[in-house]
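Protein chains in written order, with the working numbering: chain A, 191 to 368; chain B, 15 to 222. Using N, Cα and C, we set each Cβ at its ideal position, and we do this for glycine too. A quick note: this is a predicted structure, and the numbers were derived from the prediction, not measured.
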Amino acid sequence: MRQRAVCARCHTVLIAPRRKAGKQLISLALTVLILIVAAVLFPFLSIGAGGMHHDASILQAAFVFEGGLSVLAVAVLFFIVVIPALRLLLLIYVLAPIIRDRPPAPLARPAFRLSEALVPWSMAEIFAIGCAVALVKLSDLADVAFGPAAWMFAILVVLVVATDSLMCRYSIWASLDQ
Amino acid sequence: MRTARDMGLVGCTRCMRVAPLGTALCPRCGSILHSRDPMALQKVWAWWLLGLGCYIPANLYPMLETRTLVSTQSDTIVGGAVTLAQHGNWGVALIILVASVVIPVAKFLVLAGLAFGVWRGTRLSQARQHLLYEIVEYIGRWSMIDVFVVAILSSLVQLQALATITPGRASLFFALSVIFTMLSAQSFDSRMIWDSARPPDDQEDRQP
């Protein structure tokens with residue numbers, strides 16, 4: 191059973207079997223959810239220059255957009271916290287009955303469809319690269335240091351990418367098809 | 015190549031299940047099924063125009079306002095890169111120019127080219143068109159990095175009198191422009207690329 195299906199047109203791998211991925215996915219998703227909560231609350235980066243010092247958390251980064259720009263604060267918060275977290279919650283909701291060989295949860299199909307539609311809008315990894323760019327820009331002017339949340343966020347990004355590549359969408363859809 | 019359409023089937027772009035042609039909703043996931051989305055090009059152009067409309071003010075208004083002890087400076091996207099280059103930071107300046115000017119403009123051009131290509135025909139091969147589409151769809155969300163950098167810089171550089179950075183109006187327009195171009199790319203039905211070149215013999219005849 192080591193077969194895989196490949197697109198006849200562009201040779202992208204369509205289906206490759208991954209056994210027991212369900213439990214690993216759920217444990218990864220739970221880990222990432224805990225990390226998201228922690229990464230939001232703790233200071234993310236700190237800066238020091240000329241005797242002054244300042245900490246910033248992810249929440250503060252989103253809420254710098256004030257007044258006419260406050261729509262953007264909500265959008266940024268959604269892109270880097272709410273949507274990644276929502277996707278994982280939906281994934282756990284869909285997978286939990288499947289891995290115990292129970293019938294799918296009510297509304298599991300719309301839930302997984304929503305989770306899939308949100309993929310392009312979940313931008314945690316882009317925010318992480320954005321931090322690197324900001325650090326490069328500031329490194330000449332001030333001392334910038336990572337806070338605890340930055341490390342959590344770094345691990346989180348790796349785990350989010352791992353979750354996405356471990357997930358076999360085809361078999362999840364197939365198990366929802368009964 | 016035998017496609018689902020030849021066999022009287024329609025595939026769901028969301029969950030990959032096939033259903034008989036004419037089925038309105040995917041029996042598995044409930045998405046709306048189209049063998050080709052008849053409104054695709056209209057949606058692409060509508061979002062494209064909105065995106066372009068937001069990209070113009072994004073370049074005219076300041077992206078960042080830097081207040082230091084001695085001066086207050088507001089920089090547009092291009093202006094900021096020029097300032098950095100004048101200070102000798104060629105690398106960072108180049109990255110900013112590529113990420114916020116070259117890539118967005120290229121995205122607008124490629125999307126317009128693809129939409130025009132499936133409407134009026136094109137000389138690009140199908141494989142090349144698919145590749146271009148995948149690049150545009152993949153790269154789209156990464157443009158949001160600019161907005162995140164602005165957010166991080168402004169939340170971090172709050173050193174009272176010494177230096178403060180606040181986001182400018184352009185950040186909102188830039189974010190909207192990225193969102194609209196992402197929606198434009200998502201509305202494009204890449205299966206239309208297959209139609210433009212079918213049947214294959216026909217296309218060979220057209221070549222001189």
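Asked                                                                                                                  : Found
Residues sharing a beta bridge with I46 of chain B, DSSP                                                               : B:L39
Identity of the residues DSSP links to L235 of chain A by a beta bridge                                                : A:A246 and A:F336
8 Å Cβ cut-off: residues of chain A touching S88 of chain B                                                            : Result: empty, since nearest Cβ-Cβ is about 14 Å, beyond 8 Å.
Contact under 8 Å by Cβ, L145 of chain B with L128 of chain B                                                          : no
Rounded separation between P118 of chain B and V106 of chain B - CA only                                               : 18 Å
Where F317 of chain A meets chain B, residues with beta-carbon distance less than 9 Å                                  : M158, I159, F162, A165 and I166
is_contact[M191 of chain A, chain B] using C-beta, thresh 8 Å                                                          : A caution first: M191 of chain A carries a pLDDT of 49, below 50, which makes its placement in the model too unreliable to give a value.
8 Å Cβ cutoff met for L215 of chain A and L356 of chain A                                                              : yes
For R81 of chain B, the residue or residues it bridges with in DSSP                                                    : B:T86 and B:T178
Residue interval of the alpha helix (DSSP H) (run including A33 of chain B)                                            : That residue, A33 of chain B, is in no alpha helix (DSSP H); its beta strand (DSSP E) goes V32 to P34.
7 Å CB neighbourhood of A229 of chain A in its chain, flanking five on each side removed                               : I248, A339, M342, F343 and L346
Environment of C412 of chain A [buried if 16+ CB atoms lie within 10 Å]                                                : The structure shown does not extend to residue 412 of chain A, since chain A is modelled only from 191 to 368, so the question has no answer here.
Per-residue DSSP class, three states only, for A198 of chain A                                                         : coil
Cβ pair I237 of chain A, L170 of chain B closer than 8 Å                                                               : yes
Per-residue contacts from F336 of chain A into chain B (C-beta, under 9 Å)                                             : Simply none; closest approach about 12 Å.
Beta carbon of T97 of chain B nearer than 8 Å to that of M77 of chain B                                                : no
DSSP-derived helix/strand/coil call for A18 of chain B                                                                 : coil
Backbone secondary structure at V266 of chain A - three-state DSSP                                                     : helix
Interface partners of Y360 of chain A on chain B, CB under 8 Å                                                         : M30
Outcome for K121 of chain B when other beta-carbon atoms lying within 10 angstroms are tallied against a minimum of 16 : buried
Cβ-based neighbour list, D203 of chain B, same chain, cut-off 7 Å, excluding 5 preceding and 5 following               : R50, D51 and A54
Rounded straight-line distance, which links the Cα of A18 of chain B to that of V284 of chain A                        : 29 Å
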